[in-house]
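Data first, discussion second: the structure below is written as structure tokens.
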Amino acid sequence: MNTLRNRVQLIGNPGMEPEVKSLDNGNKMARFSLATNDYYKNAKGEKIEETQWHNVVAWGETVELIEKYVHKGKEVGLEGKLVTRQYEKAGEKKYITEVVINDILLLGGKS
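The sequence shown begins at 12 in my numbering and counts up by one.
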């Protein structure tokens with residue numbers, strides 16, 4: 012059961028080209044938003060599409076794959092964990108939840 016703790020699996024489409032940064036210590040990190048869609052029928056029987064946006068962060072070797080192959084709108088599958096952090100902006104505390112990924116699967120086909 013330990014492998015189920017804080018585990019996230021998502022299939023969706025990046026809403027932007029990944030932002031890749033090289034850090035002073037030589038590491039790389041990538042950041043992008045991922046849209047996942049859910050469909051349901053409302054009380055009138057109309058099909059409704061609901062989109063959720065997820066903040067995604069990757070480190071290390073995963074960044075190399077993202078840099079080469081992940082593009083806006085191209086479907087991907089990913090696995091990682093949820094991480095919540097806080098920061099202060101203009102004296103106000105802000106919170107952000109991100110999916111820190113450790114594995115990515117390219118699903119969008121050739122471009």
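Here a beta-carbon is modelled for each residue, glycine too, at the ideal position from N, C-alpha and C. This structure is a prediction, so every number in the text was calculated from the model and none was measured.
(1) Express the C-alpha separation of K39 and K52 in angstroms, rounding to a whole number.
(2) In three-state DSSP terms, what is E78?
(3) Alpha carbon to alpha carbon, what distance is there between E75 and L116?
(4) Output needed for S6: all residues of its chain with C-beta closer than 8 Å, excluding positions within five of it in sequence on either side, in chain order.
(5) Quick one: is L89 buried, meaning 16 or more other Cβ sit within 10 Å of its Cβ, or exposed?
(6) Take I112 as the anchor and find which of Y106, G56, E72 and K32 has the nearest alpha-carbon.
(7) Would you decide whether I59 is buried or exposed? Buried here means 16 or more other CB atoms lie within 10 Å of its CB.
(8) Less than 7 Å separating the beta-carbons of E78 and V31?
(9) Where E57 and H82 are concerned, what is the direct C-alpha to C-alpha distance, given to the nearest angstrom?
Taking the coordinates as given:
(1) Going from the Cα of K52 to the Cα of K39 covers about 43 Å.
(2) Correct three-state label for E78: helix.
(3) Taking the straight line joining both Cα atoms gives about 13 Å.
(4) A question about residue 6 goes unanswered here, because the residues of the chain that appear run from 12 up to 122.
(5) Around the Cβ of L89, a 10 Å sphere holds 16 or more other Cβ atoms; the residue is buried.
(6) For the residues Y106, G56, E72 and K32, the minimum Cα distance to I112 belongs to E72.
(7) With a threshold of 16 other beta carbon atoms within 10 Å, I59 falls short and is exposed.
(8) Yes, the pair counts as a contact, with Cβ atoms nearer than the cut-off.
(9) Taking the straight line from one Cα to the other gives about 32 Å.
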